[in-house]
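>
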Amino acid sequence: PMVFNTLTEWKEKCPKNNDGKLEFVFPNGKGNVESHSNILQRGLWAPQIAAGVVLEERPLDDAGKPKLDEHGNEIVIIKAKYPGLHALRHFFASWCINSKARGGRGMTPKEVQDILGHSTIGLTLDTYGHLFKDHSDNDALAEAEAALLTPIPATQTQHAV
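Numbering (the working numbering), first residue to last: 4 to 164.
Have a look at this one:
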């Protein structure tokens with residue numbers, strides 16, 4: 004419901020094109036297609052940099068020494084750690100795989116294969132198999148045991164006898 008409500012609100016406020024039509028979910032300010040570079044810079048890189056998910060690049064001069072700015076300070080270039088949109092797909096896959104106890108969805112390899120549209124389970128496991136190794140049956144068994152052994156409160160009907 005939250006996503007639906009948010010998108011419904013956005014649809015009302017969303018910039019329309021020159022004909023007054025809404026053609027895109029996320030258009031630019033004039034209602035047209037947003038450029039790839041703006042999507043990356045504003046939608047992917049800026050939030051990463053604000054969150055500190057970055058790589059620092061320290062350029063060197065020809066002598067192998069750090070380059071300095073006009074004030075004599077070392078030049079440090081801050082870049083988003085995950086520069087491409089494909090990183091969002093990998094984030095989504097990781098979220099699907101991680102256990103619910105760790106904030107994920109706890110999906111099986113087959114479920115992840117289906118949701119990502121991989122042609123084979125092998126492709127899914129070759130790409131994300133290392134993430135599945137962290138799952139522990141002990142956690143799932145402990146959850147099931149707790150659910151089965153939790154006392155069920157008596158109802159009024161049970162007391163009427």
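Note that beta-carbon positions come from the ideal geometry of N, C-alpha and C, so glycine has one too. Since we're looking at a predicted model, the values are computed, not measured.
#1: Quick check on the DSSP output: the beta strand (DSSP E) that includes Glu60 runs from which residue to which?
#2: Counting Cβ pairs, one atom from each stretch, are 3 or more of them under 8 Å apart for the region 68 to 76 and the region 20 to 38?
#3: In this structure, what does DSSP give as the bridge partners for Lys82?
#4: Can you give the Cα-Cα distance for Gly87 and Leu63, rounded to whole angstroms?
#5: Who are the Cβ neighbours of Lys16 in its own chain at under 8 Å, not counting the five residues just before and after it?
#6: Please list the segments of the alpha helix (DSSP H) lying wholly inside the region 20 to 59, counting only runs of 4 or more residues, in order along the chain.
#7: Count the other CB atoms, across all protein chains shown, that sit within 10 Å of the CB of Gln116; report buried if there are 16 or more and exposed otherwise.
#8: Whose C-beta lies closer than 8 Å to the C-beta of Pro18 among residues of the same chain, with five residues either side of it excluded?
#9: For a test of the three-state rule: what should DSSP assign to His138, helix, strand or coil?
#10: What's the gap between the Cα of Leu58 and the Cα of Arg45?
#11: Tell me the rounded alpha-carbon separation between Asn21 and Ala143.
#12: So, at 7 Å on beta carbons, what are the nonlocal neighbours of Ile100 in its own chain, with the 5 sequence-adjacent residues on each side left out?
Looking at the coordinates:
#1: Your numbering for residue 60 matches position 57 in the sequence shown. Per DSSP, Glu60 is one residue of the beta strand (DSSP E) stretching across Val57 to Glu60.
#2: Segments in contact, no.
#3: Here residue 82 refers to the residue found at position 79 of the sequence shown. Partner(s): Leu58.
#4: Counted from its first residue, the sequence shown places residue 87 at position 84. Counted from its first residue, the sequence shown places residue 63 at position 60. Each residue's alpha carbon lies about 25 Å from the other.
#5: For the purposes of this step, residue 16 is identified with residue 13 of the sequence shown, where counting begins at 1. Result list for Lys16: empty, nothing under 8 Å.
#6: List check, alpha helix (DSSP H) in window: 49 to 54.
#7: Taking the first residue of the sequence shown as position 1, residue 116 is located at position 113. Per the 10 Å Cβ criterion, buried.
#8: Taking the first residue of the sequence shown as position 1, residue 18 is located at position 15. Pro30, Asn31, Gly32, Lys33 and Gly34.
#9: Your numbering for residue 138 matches position 135 in the sequence shown. Any reading at His138 must be qualified, since the residue scores a pLDDT of 49, below 50, and its modelled position is unreliable; no value is offered.
#10: Indexing the sequence shown from 1 puts residue 58 at position 55. Indexing the sequence shown from 1 puts residue 45 at position 42. So the alpha carbons of these two residues sit roughly 17 Å apart.
#11: Taking the first residue of the sequence shown as position 1, residue 21 is located at position 18. Taking the first residue of the sequence shown as position 1, residue 143 is located at position 140. Rounded to whole angstroms, Asn21 to Ala143 spans 55 Å at the Cα level.
#12: Here residue 100 is taken as the residue at index 97 of the sequence shown, counted from 1. Cβ neighbours of Ile100 beyond the five flanking positions: Gly107, Met110, Val115, Tyr131, Leu134 and Phe135.
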